[in-house]
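Heads up: the sequence shown begins at 26 in our numbering, then just goes up one per residue. Here the structure comes first, spelled out in structure tokens, and everything after it is commentary.
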Amino acid sequence: MFSTLPIPIIQAPMAGGVSTPKLAAAVSNAGGLGFLAGGYKTAEAMRKEIHKLRTLTDRPFGVNVFVPGDKTVDEKALERYRAVLESEAERLGASVGEPKWEDDDWAAKLDVLLQERVPVVSFTFGCPDKEVIAALQKAGSFVIVTVTAVEEAEMAAEAGANALCVQGAEAGGHRASFGNDPEQDEALELFPLLARVRAAVQVPLVVAGGIMDGRGIAAALKAGASAVQLGTAFLRCPESGAHPLHKQALADPRFVETAVTRAFTGRPARGLVNRFMAEYRAMAPAAYPHVHHMTKPLRAASAKAGDPEGMSLWAGTGYRLARELPAAELVEELKRELEEAWRA
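Here it is as structure tokens:
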């Protein structure tokens, strides 16, 4: 699969409206692999995006979906967090959302992926059963499972994944860990993790986490990756569906660092440190998607009020290198930098 890409660059699937059909098409048309994000939308909405994307490119593309997690949560901890968030809601003139578990339309999305014969399918938050992977492969899909640890990589390889996306601690947005245990929150940085996974499995590896330019891509390929997945690098592109305040925050000098938090969704995710994260990161329970639903109205109200301090500003550690360029131009620039790095 990766040997057929003119450029070994994959645009990360960023849920929440960031990964638009226009963005994915621009990257695929430029020689990379564009991705749609199936998370947080219905199966039919995902199907419509696939159809839209196919009107914009005849190149291969991918779709990512979330694997449903454990329903079991600490109800008392959730209630305590809800009580804390009430003051935030009052300040914003909003209401705390209802905490609830859902499977993100899992079965229906699998049906859509099979029916649409999507060229590349990737999974986050877990590894589907062997039967699911085999069915997708039979339909013509190349299957990638995102992993954050050697044990996860071994499970995904055993299940028959065609390739793995190795996500380092530097990555922006949600950590793709199979579980959501606070006692296992320690994450390896990308290159040490890549070395360990390479030694453990014999499948092609994509890498993700903090890579923003051609030199970073060259280093990852030299270290054994078959392709490199970039997310934060594409956030400021005009085709990106990121909120304008989010795009502005990446270059705003008041946001000086990133950190990992459960404050917004109940799962660890890396973003720009703002007021909401600083105030609530120590209080949020490990409860996903319950916390996501609780804070969603608050994040929306902050965005409506023009206040990035209450939004989830997902970003990787290299966010300051994000460029405000059309996606195709960015891919070309990354290709040029990669070629310069190889020559050097």
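Yeah, the Cβ is synthetic: ideal placement off N, Cα and C, and Gly gets one too. Keep in mind the model is a prediction, meaning the values are calculated, not measured.
{"Item": "When you compare only the Cα positions, how much space is there between Leu81 and Gly56?", "Value": "14 Å"}
{"Item": "Quickly, what does DSSP pair Gln254 with across the bridge? List them, please.", "Value": "Ile35, Ala233"}
{"Item": "Below 8 Å on the Cβ atoms is my contact criterion, and I expect Tyr65 with Gly41 to pass it. Report the Cβ-Cβ distance as a whole number of Å.", "Value": "6 Å"}
{"Item": "Let me know the secondary structure DSSP gives Trp126 once reduced to three states.", "Value": "coil"}
{"Item": "Which one or two residues does DSSP pair with Asn89 in a beta bridge?", "Value": "Ala62, Ser147"}
{"Item": "To the nearest angstrom, report how far apart Val281 and Leu297 are at their CA atoms.", "Value": "8 Å"}
{"Item": "Within 10 Å of its beta-carbon, does Gly59 have 16 or more other beta-carbons around it, so buried, or fewer, so exposed?", "Value": "buried"}
{"Item": "If contact is defined by three or more beta carbon pairs under 8 Å, each pair taking one atom from either stretch, is the segment 98-105 in contact with the segment 163-182?", "Value": "no"}
{"Item": "In chain order, what residues of the same chain lie with their CB nearer than 6 Å to the CB of Ala196, ignoring the 5 residues before and after it?", "Value": "Ala233, Gly234, Gly341"}
{"Item": "Specify, as a first and last residue, the run of the beta strand (DSSP E) that Val172 falls within.", "Value": "167-172"}
{"Item": "Report all residues from its chain with a CB closer than 7 Å to the CB of Pro85; omit the five preceding and five following residues, and keep chain order.", "Value": "Ser53, Leu58, Pro144, Val145"}
{"Item": "Mind the definition here: the segment 319-333 touches the segment 268-283 only if three or more C-beta pairs lie below 8 Å; say whether that holds.", "Value": "yes"}
{"Item": "Using three-state DSSP, classify His76 as helix, strand or coil.", "Value": "helix"}
{"Item": "How long is the line joining the alpha carbons of Asp210 and Val175, rounded to whole angstroms?", "Value": "14 Å"}
{"Item": "Quick one: grab the DSSP three-state call for Val222.", "Value": "helix"}
{"Item": "Taking a contact to mean a Cβ-Cβ separation below 8 Å, would you say Arg240 touches Ala366 in this structure?", "Value": "yes"}
{"Item": "Just to confirm before moving on: does the CB-CB distance between Ala311 and Pro207 stay below 8 Å?", "Value": "yes"}
{"Item": "Whole beta strand (DSSP E) runs in the segment 177-220 with 3 or more residues, listed along the chain?", "Value": "188-192"}
{"Item": "Using 8 Å as the threshold, is the C-beta distance between Pro33 and Asn89 below it?", "Value": "no"}
{"Item": "Nearest to Pro229 by alpha carbon, out of Gly185, Leu355, Lys125, Ala284?", "Value": "Gly185"}
{"Item": "In three-state terms, what does DSSP make of Arg296?", "Value": "The question names Arg, yet the displayed sequence has Gly at residue 296. Here Gly296 sits in strand by DSSP."}
{"Item": "According to the Cβ coordinates, are Ile236 and Leu255 closer than 8 Å?", "Value": "yes"}
{"Item": "Between the alpha carbons of Ala201 and Ala284, how many angstroms are there, rounded?", "Value": "16 Å"}
{"Item": "Looking at Ala119 and Ala326, is the spacing between their C-beta atoms short of 8 Å?", "Value": "yes"}
{"Item": "Alpha carbons only, please: which of Thr45, Leu110, His76, Ala50 is nearest the one belonging to Met308?", "Value": "Leu110"}
{"Item": "From Leu135, Thr97, Leu246, Phe216, pick the residue whose C-alpha is nearest to that of Lys373; which is it?", "Value": "The chain is shown only over 26 to 369; residue 373 falls outside these bounds and no answer can be derived."}
{"Item": "Grouping DSSP H, G and I as helix and E and B as strand, with all else coil, what is Ala49?", "Value": "helix"}
{"Item": "On a Cα-Cα basis, can you pick out the residue from Val168, Ala250, Glu74, Tyr313 that is closest to Gln192?", "Value": "Ala250"}
{"Item": "Just grab the DSSP bridge partners of Trp367 for me.", "Value": "Note: Trp367 sits in no beta bridge, so no partner."}
{"Item": "Can you have a look at Gly165 and say buried or exposed, based on whether 16 or more other CB atoms are within 10 angstroms of its CB?", "Value": "exposed"}
{"Item": "Can you give me the Cβ contacts of Thr320 inside the same chain, cut-off strictly under 6 Å, excluding the 5 residues immediately before and after it?", "Value": "Phe289"}
{"Item": "On the three-state DSSP scale, how would you describe Ala330?", "Value": "coil"}
{"Item": "So, at 7 Å on beta carbons, what are the nonlocal neighbours of Ala49 in its own chain, with the 5 sequence-adjacent residues on each side left out?", "Value": "Gln36, Gly59, Phe60, Leu61, Leu78, Phe86"}
{"Item": "Going by the CB atoms, is the gap between Ala114 and Val121 shorter than 8 Å?", "Value": "yes"}
{"Item": "To the nearest angstrom, how far is it from the Cα of Gly94 to the Cα of Ala369?", "Value": "45 Å"}
{"Item": "Report buried or exposed for Ser112, applying the criterion of at least 16 other Cβ atoms within 10 angstroms of its Cβ.", "Value": "exposed"}
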